[in-house]
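Counting in numbering that gives the first Met the number 0, the sequence shown tops out at residue 407, every number present. Backbone N, C-alpha and C define an ideal beta-carbon position, used for all residues, glycine too. Take a look at the structure set out below.
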Amino acid sequence: MDIKTIDAVKKALGQVSGELKEKLSVQNQEIKGLHETRDKTALEIKSLEERYDQVIADLTGQIEEMQKKAGRLNQLPGDELKSIGQTFVESKGYSNFKSEGWRGTTGQVFVPSSFSSELKAMTGNSSLRNVLSVERVMEIIRNPVRQIRIRDLFPVVRTNSGVIEFCREALTSTIDSTATTQTHGSAKAEAGIAFEDATVQLRTIAHYLPVNNQILEDVPALRGFIDTRLIEGLKQVEDQKLLYGTGVDPDITGVLNDSDIQTYNWSDGAVGDTYLDALRRGITLSRLAEYPVDAVVINPQDWEVIELLKGSDKHYLWVTVPEGGVPMLWRVPVIDTTAINQGDALVGSFRMGATVYDKQEANIRVSDSHASTFIENKTTILAEERLALAVFRPQSFVHVSFDDVPTS
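So, in structure tokens, the structure goes:
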């Protein structure tokens, strides 16, 4: 129903109402003087009543037609949605106004919708909440998180200390190459072995979120959601630190920033080498150091390059067959994760090579005394953890870099 139609209906109703008032005034004068109403006046009033009813009927018909077009008529079972016109003519105010000889006013008549909402329905802007059954999804839709954590690759040990000290055999030891066969009475070979002390400090990873108290009271489930997401956010950073931590206070030293691990660049390979070859050569380096490789950590984009490799016949070279749900590459489990940067891969014996020391498991603390939160009716939710990474056997790890295509 457009604005012109609405104006026309208003004008018609106003005209009929005005004429009714005039005739009712004449009727009152006749009753006072003659104690009855002239036949002519009664007929005119009846005619005006019929005109009024016709205007309402026309209005009702137009609205119902509009509702049919919008697909909104009779959408709710057992609870019929009445049109504006139908609601008006069935209202108590209208009935009283009519029974009193059209004297006075109808008063306010509340209807389930208005012209503005009907117009919205015609233009597709209405949410239809008033006529359609709405089902509320009770859970909060969350963003996806990583399924596999870098810490899960290492042994994890609880500690009560803030500093981890350990002694490891230096790479300069010659004990594996000095023993020889001996003739009777000859001097024996002297072994060379060296040790070095190493120290790592536990570091804190933390973040917090101020939350309005009213929201926590109104949506109890939100608190659990926030706690979970804060911990997950903490773990996201933990992944990055275990790989790329700089070691500069207050950061931990990640595996890829340990200066003693091995490295292999794709560009150092033979002409024609692919990512597959580079990873296999990295595995070889770890095996030459006598370590069993138990994982390959790779970025999903680099893993895609490997899985999409094709031969000259356009057939895929590598079809991954997961074992226990884990994809394998050269008999080694593959962990494709966004925790490692595109262009990097880490091959190693994670169970033997390093250990995560955890003093304070990821936890949640709550306070209303942070900054001005008390007077602002806010609660501060803090998530934090303390941990360190001790790399005992750096030679068990190989940083494979997909830098450039081999040319020689």
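- Scanning its chain for C-beta atoms nearer than 7 Å, with the 5 sequence neighbours on each side dropped, one finds around Lys309 the residues Tyr315 and Leu316, in chain order.
- For Asp357, the enclosing beta strand (DSSP E) covers residues Ala353 to Ser366.
- By the criterion of a C-beta distance shorter than 6 Å, Ala11 is surrounded in its chain by Val54, once the five residues flanking it on both sides are discounted.
- Shown here, Gly347 sits in a strand according to DSSP, grouped into three states.
- No residue range can be given for Phe401, since it is assigned to no beta strand (DSSP E) and is classified by DSSP as neither H nor E.
- For the pair Ile192 and Arg222, the Cα-to-Cα distance works out to about 56 Å.
- Runs of alpha helix (DSSP H) with 4 or more residues, each lying fully within the stretch 166-202, are absent.
- Relative to Ala382, the option among Glu134, Ile204, Glu21 and Val25 whose CA is nearest is Ile204.
- Taking 4 residues as the minimum length, the alpha helix (DSSP H) runs contained wholly in the stretch 237-312 are 274-287 and 299-306, in order along the chain.
- Judged by DSSP in its simplified three-state form, Pro332 adopts strand.
- If you look at Glu384, you'll find it isn't in any alpha helix (DSSP H); it sits in the beta strand (DSSP E) that goes Lys377 to Val390.
- A distance below 8 Å between beta-carbons, with the five flanking residues on each side excluded, links Gly268 to the following residues of its chain, in chain order: Asp276, Ala277, Arg280 and Pro405.
- Note on the stretch 199-227: whole beta strand (DSSP E) runs with a minimum of 3 residues are 202-211, in chain order.
- The stretch 143-153 and the stretch 163-174 do not touch, with fewer than three beta-carbon pairs separated by less than 8 Å.
- By DSSP's assignment, Ile163 forms a beta bridge with Val199.
- Here the stretch 369-379 makes no contact with the stretch 232-248; the two share fewer than three CB pairs at distances below 8 Å.
- In this model, His183 and Gln394 are separated by some 38 Å (Cα to Cα).
- Remark: fewer than three beta-carbon pairs, one from each stretch, lie closer than 8 Å, so the stretch 293-308 and the stretch 259-267 are not flagged as touching.
- C-alpha of Ala294 to C-alpha of Asp272: approximately 21 Å in a straight line.
- Residues of the same chain with their beta carbon placed closer than 6 Å to that of Ser160 are lacking, with the five preceding and five following residues left out of the count.
- Here Arg157 is bridged, per DSSP, to Asp357.
- The beta carbon of Asp238 sits closer than 8 Å to those of Arg145, Arg148, Ile149, Arg150, Thr336 and Ala338, all from its chain and outside the five residues before and after it, given in chain order.
- In this structure, the beta-carbon distance from Ala188 to Thr198 does not fall below 8 Å.
- Counting other Cβ atoms within 10 Å of its Cβ, His206 stays below 16 and is therefore classed as exposed.
- Rounded to whole angstroms, the gap between the alpha carbons of Glu18 and Ala56 is 19 Å.
- By the 16-neighbour rule on beta-carbons within 10 angstroms, Arg385 is buried.
- For Val318, the secondary structure class from DSSP, reduced to helix, strand or coil, is coil.
- The shortest C-alpha to C-alpha distance from Val397 to any of Val292, Tyr243, Arg364 and Ala361 is the one to Val292.
- Looking at the DSSP output, Val25 bridges to nothing.
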